[in-house]
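Chemist:
Numbering (the working numbering), first residue to last: 1 to 236.
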């Protein structure tokens, strides 16, 4: 009888383990690809660029191969015949978070651990301007609050994610950036599009396991903090 009870207990434990793993795999399959929808990453070290600082203290990066970069970022052409003439990345010197990060302190509480820090440009335009070429510069000023973004393939409280990545993932951040593009007196249409420039972080999610009596990785996610703008200038 004791052996039978022991075998039943082992079977129940294994069933729970496989159920947990199965749920995790199912969640990962359902969310596969969704975490990359908000932004695309780039490594400035692999790019040819020039870097300066403007009078407002913004770091300004001019990409020397704008067409290649625009394709990599998936920037949408404003017209099928549009040619990208310039790509500029502007980082604001200070980004204020409207809201506090509330870390959790219980030793069995879930937590997230950052595994990668990198740069991204958002996938959706946050501002745009256009005009016919008249020999005068076209200018786009971005001065607004942009919402931080995060995604995970498991259900976890936003406060836990915020505590792990170091910024409030449900908060808005002020960005102030400007781009100017020279036009020719040629009657062509000139366009400047702006996308959010983000400080992005990948992270793993750890939750307490009462079976193994320790924290175990149960998922992963991404968080994006707006810190400036990626500008694409077009003409057609």
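Using N, Cα and C, we set each Cβ at its ideal position, and we do this for glycine too.
(1) Which whole runs of the alpha helix (DSSP H) in the stretch 132 to 165 are 4 residues long or more, in chain order?
(2) Might you give, ordered along the chain, the residues of its own chain that have their beta carbon closer than 6 Å to the beta carbon of residue 42, omitting 5 neighbours on each side?
(3) Report the residue from 138, 234 and 230 whose alpha carbon sits nearest the alpha carbon of residue 292.
(4) Under 8 Å, with one C-beta from each stretch per pair, do the stretch 137 to 151 and the stretch 165 to 180 reach the 3-pair mark?
(5) In terms of residues, what are the limits of the alpha helix (DSSP H) holding residue 69?
(6) Just the C-alpha distance for residue 60 and residue 110, rounded to the nearest angstrom, thanks.
(7) Report all residues from its chain with a CB closer than 7 Å to the CB of residue 39; omit the five preceding and five following residues, and keep chain order.
(8) As a quick exercise: from 155, 130 and 162, pick the residue whose alpha carbon is nearest that of residue 191.
(9) What's the gap between the Cα of residue 73 and the Cα of residue 53?
(10) Suppose only complete runs of 4+ residues qualify. What are the alpha helix (DSSP H) ranges in the stretch 198 to 230, listed by chain order?
(11) Taking residue 53 as part of the beta strand (DSSP E), name the residues at either end of that continuous run.
(12) Just the Cα atoms here: how many angstroms apart are residue 162 and residue 168?
(13) Does the distance from the C-beta atom of residue 233 to that of residue 112 stay below 9 Å?
Modeler: According to the data block:
(1) 158 to 165
(2) Here the question's residue 42 lines up with position 42 in the chain shown. Taken in chain order, the residues that qualify are 119.
(3) Residue 292 lies beyond the residue range present for the chain, which begins at 1 and ends at 236; the question has no answer from this structure.
(4) yes
(5) The sequence position of residue 69 within the chain shown is 69, counting from 1. Its alpha helix (DSSP H) spans residues 66 to 73.
(6) Residue mapping note: residue 60 aligns to position 60 of the chain shown, counting from 1. Residue mapping note: residue 110 aligns to position 110 of the chain shown, counting from 1. If you take the alpha carbons of residue 60 and residue 110, they lie about 39 Å apart.
(7) Locating residue 39 in the chain shown gives position 39, counting from the first residue. Excluding sequence neighbours, residue 39 sits near 120, 121, 122, 123, 198, 200 and 224.
(8) Residue numbering aside, residue 191 sits at position 191 when the chain shown is read from its first letter. Taking only the C-alpha atoms, the option nearest residue 191 is 130.
(9) By 1-based counting over the chain shown, the position of residue 73 is 73. By 1-based counting over the chain shown, the position of residue 53 is 53. Computed Cα separation, rounded: 23 Å.
(10) none
(11) As a working note, residue 53 is residue 53 in the chain shown. Unbroken beta strand (DSSP E) run through residue 53: 49 to 53.
(12) Start at 1 with the first residue of the chain shown, and residue 162 comes out as number 162. Start at 1 with the first residue of the chain shown, and residue 168 comes out as number 168. Spanning the two alpha carbons is a distance of roughly 5 Å.
(13) What you label residue 233 is simply residue 233 of the chain shown in a count that begins at 1. What you label residue 112 is simply residue 112 of the chain shown in a count that begins at 1. No, these two residues do not count as a Cβ contact at 9 Å.
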